[in-house]
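Visitor: Take 445 as the starting number for the sequence shown in the working numbering and just add one per residue. A virtual CB, placed ideally from N, CA and C, is assigned to each residue, including glycine.
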Amino acid sequence: MSTETQKETRGFQTEVKQLLNLMIHSLYSNKEIFLRELISNASDASEKLRYEALSNGDLYENDGDLKIHVSFDEAAKTVTIEDNGIGMSRDNVIEHLGTIANSGTANFLNQLSGDQAKDSQLIGQFGVGFYSAFIVAKKVDVFTRRAGQPSTEGVHWSSEGEGEFTIESIDKPSRGTKIVLHLKEGEEEFANGARLRNLVRKYSDHIALPVVMQKEAPLGEEQDGEEKTVAEPEDETVNSATALWTRNKADVTDEEYAEFYKHISHDYNTPLTWAHNRVEGNLEYTSLLYVPEHAPYDLWNREAPRGLKLYVQRVFIMDQADQFLPLYLRFIKGVVDTNNLSLNVSREILQKDPNVDKLRTALTKRVLDMLAKMGKNEPEKYAEFWSQFGGVLKEGPAEDYTNREKILKLLRFASTQSEGKEPTVSLEDYVGRMQEGQKKIYYVTAENYNTAKNSPHLEIFRKKGIEVLLLTERIDEWMMSHIFDFEGTSFQDVAKGELELDDAASEEDKKAQEEAAKKSEGLIERLKERLTEKVSDVRVTTRLTESPACLVLNAYDMGAQMRQIMQAAGQELPDTKPVFEINVEHPLIQKLDQEVDEDRFGELALVIFDQADLAAGGQLDDPASYVARLNKLLLELSQ
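#1: Ignore the nearest five residues each way along the sequence and tell me which others in residue 628's own chain have a CB closer than 7 Å to its CB.
#2: Output the distance between the C-alpha atoms of residue 692 and residue 682, rounded to the nearest integer angstrom.
#3: How would you write the range of the beta strand (DSSP E) that residue 719 sits in, first residue to last?
#4: Have a look at residue 547 and residue 749 and give me their C-alpha separation to the nearest angstrom.
#5: Check the DSSP bridge columns for residue 657 and list the partner residues they point to.
#6: Compare the Cα-Cα distances from residue 1061 to each of 900, 811, 701 and report the closest residue.
#7: Kindly indicate which three-state DSSP category residue 576 falls into: helix, strand or coil?
#8: How long is the line joining the alpha carbons of residue 798 and residue 1025, rounded to whole angstroms?
#9: Report buried or exposed for residue 519, applying the criterion of at least 16 other Cβ atoms within 10 angstroms of its Cβ.
#10: Quick check: residue 1078 and residue 1070, are their CB atoms within less than 7 Å of each other?
#11: What does the alpha-carbon distance come out to for the pair residue 739 and residue 758?
#12: Helix, strand or coil: which one does DSSP assign to residue 844?
#13: Consult DSSP for residue 665 and reduce its assignment to one of helix, strand or coil.
#14: How would you call residue 689, buried or exposed, if buried means at least 16 neighbouring beta carbons within 10 angstroms?
#15: Could you please give the first and the last residue of the uninterrupted beta strand (DSSP E) stretch that includes residue 921?
#16: Less than 7 Å between the C-beta atoms of residue 903 and residue 988, yes or no?
#17: Helix or strand or just coil, what does DSSP make of residue 603?
#18: Taking the alpha-carbon positions, what's the residue 534 to residue 492 distance?
#19: If you compare alpha carbons, which of 973, 779, 832 is closest to residue 741?
#20: What's the call for residue 755, buried or exposed, on a 16-neighbour Cβ count within 10 Å?
#21: My assumption, with CB atoms under 8 Å, is that residue 610 sits in contact with residue 618. Please give the rounded CB distance.
#22: Considering only C-alpha positions, which residue in the set 1059, 1056, 1048, 781 is nearest to residue 1081?
#23: One question on the structure: do residue 531 and residue 589 come within less than 7 Å of each other, judged by their Cβ atoms?
#24: Answer yes or no: do residue 892 and residue 916 have a C-beta to C-beta separation smaller than 7 Å?
#25: Going by DSSP, what residues sit across from residue 710 in a beta bridge?
#26: Since residue 871 and residue 930 should fall inside the 8 Å C-beta cutoff, what is the C-beta to C-beta distance between them, to a whole number of angstroms?
#27: Are the CB atoms of residue 647 and residue 737 nearer to each other than 7 Å?
#28: If you draw a straight line from the alpha carbon of residue 918 to that of residue 1004, how long is it in whole angstroms?
#29: Could you check how far apart the C-beta atoms of residue 696 and residue 716 are, in whole angstroms? I think they sit under 8 Å.
#30: Spatial neighbours of residue 940 within its chain, please: CB distance less than 6 Å, with the 5 preceding and 5 following residues excluded, ordered by chain position.
#31: Among the residues of its own chain, which have a CB less than 7 Å from the CB of residue 447, if the five just before and after it don't count?
#32: If you run the structure through DSSP and keep just helix, strand and coil, what is residue 456?
#33: What separation, rounded to the nearest whole angstrom, lies between the Cα atoms of residue 793 and residue 764?
#34: Within its chain, find whatever has a CB closer than 7 Å to the CB of residue 782; leave out the 5 residues flanking it on each side and keep chain order.
#35: Could you pull the start and end residues of the beta strand (DSSP E) that residue 861 belongs to?
#36: Please classify residue 915: does DSSP put it in a helix, a strand, or coil?
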């Protein structure tokens, strides 16, 4: 079959069309990143060849000198990036250059707002990659052949970045990939040696492979009327060609660390912080770990690919090695390079190697220490981190008991004594402010900040000046079910169980409450009878000072947040009833006690119950009946 008959035209996947359009417009102000992305891809291709060649040396095809070649043609207005890495087969080309094989693509596209600044951040998180070529190119040609395949199985891919691309078989003697960019009108600046050299040094100096360009050929000296001669062009290495993590920390600038992060993450935002460590001894490894500035769009997809880039003795082994950090730290990016694993390691072998557990323990501690240092020394930066990743860090206490205390120190909350709703209070802050005689850390969970802040359950705490943590994220109640104490101080949900304020409550308060309960025995029995289908018990409150009543869960009952989580997951909910606590000092409860008409008593009791449910952030089972009762009472009062 001739190569011509194998030429075909195909349409891009819909998501690719959208992504191309967005990148060309949203990233135009940062168009020079195309070179970084293409060199980064070329580096990855070479690393993959080096790894596969560990078990099949023939893939080198007698050419083990791996490098990336950048060239240009001013007259033709082209820029070419060529590597002798693993290359691609025809199927690879269709898969990688015609579709986006990512389960989160639809989610990513749904989050795009049309705001160029915001969308460019999302695109950066998603990974620009190959398609960034179309920011500066009106047409892109790709010539490639996968290592180990015959020269006749080369592939030529071509597209103008619109709706389709062509693909055909070619003869390609050398393995690897060559990408030719035909520059758009106005982008001729990139077909310039000095410009390209500067970009390589700026963005790709850390690439472990040499990035080479032809030396600018000087003109020879004119002698005795002879014509000028051009010297034979030679290649020169433009970058340092040393893996950044192998260098001494003192020799690496912040700018270099930031650019390396962008290389491995395909995120062009600067990372919040990083930690670079080399450990020698029984366990030898080097790690370079980064905290991103922004959460990825698929952060809450626990099945999404994640993990560190793994190297063994400077040889690339795999992307997204997820064995080295727990799931609650899935936002961390970086590299780990160790001498304690086999070069032929695979994901299956990693699961059985005891050194992996040692590395996981060590790297987890590194990350937690890095975050603790940022929280202590850079609170404003830590607040940025918490706004992006605090929710996922809250998974930690349940998943990592060994590091529970470290994780608890990293948590931040809003409280009744903090300014505004931003979570800035640590558990250490709270414990340091506890009143004399206070033995518990008090908290309340609610659907949002206003519901928590104005919860009637906080009234006695405000009166006594006791701080209460306000927990308003969906994960909070689940998290607190796995935390029993902080450095010996236990936790108490102020909306669950019987409330005892320890020594902070005076003997007079306790005596007064006992007397009030005794005087109200008749009212309590009437309420129990009337509300028997809605409540498990009725009692005189120790919580309220202003509101007439509140609903209290039994100590081990599931709260509203957990019920919503279970309901969303399609789980059957337990049939539990709250306790109805009444404030016998409130005029409305006193009027209720004096009501002799049992029907009217029942109507008023139901209204007060529903109001207590609403104040706790609940949703009424029958809102229409509540409104009808309330209107009836209002009409009676107005007559």
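Guide: On the basis of the coordinates in this document:
#1: 580, 581, 582
#2: Straight-line Cα distance between these residues: approximately 21 Å.
#3: 717 to 723
#4: In this prediction, residue 547 scores a pLDDT of 40, lower than 50, which makes its location untrustworthy; the coordinate-derived value is nonetheless stated afterwards. When rounded, the distance between both Cα atoms is 10 Å.
#5: 680
#6: Looking at the Cα atoms, 900 is the closest of the given residues.
#7: helix
#8: 55 Å
#9: exposed
#10: no
#11: 29 Å
#12: Correct three-state label for residue 844: coil.
#13: Residue confidence is low: residue 665 scores 47 on pLDDT, short of 50, so the model does not pin down where it sits. Its coordinate-derived value is still stated next. In the structure shown, residue 665 sits in coil (DSSP, three-state: anything other than H, G, I, E or B).
#14: buried
#15: Counting along the chain, residue 921 falls outside any beta strand (DSSP E), though it belongs to the alpha helix (DSSP H) covering 920 to 924.
#16: Their beta carbons are under 7 Å apart, which means residue 903 touches residue 988 by this criterion.
#17: Strand, per DSSP.
#18: 18 Å
#19: Selected option, being the one with the closest Cα: 832.
#20: Buried.
#21: Not really, about 22 Å apart at Cβ, beyond 8 Å.
#22: 1048
#23: Cβ distance < 7 Å, so residue 531 and residue 589 count as in contact.
#24: The answer is yes: Cβ separation under 7 Å.
#25: Paired residues: none, contrary to the question.
#26: 5 Å
#27: Not a contact, by the Cβ cut-off of 7 Å.
#28: For residue 918 and residue 1004, the distance between alpha carbons rounds to 9 Å.
#29: Not quite, the Cβ-Cβ distance comes to about 17 Å (not below 8 Å), so this is no contact.
#30: 997, 999
#31: Summary for residue 447: the model assigns pLDDT 44, below 50, so the residue's position carries little reliability; its value from the coordinates is reported in the next sentence. Contacts found: 612, 613, 614.
#32: coil
#33: 15 Å
#34: 728, 729, 756, 803
#35: Counting along the chain, residue 861 falls outside any beta strand (DSSP E), and DSSP gives it neither H nor E.
#36: strand
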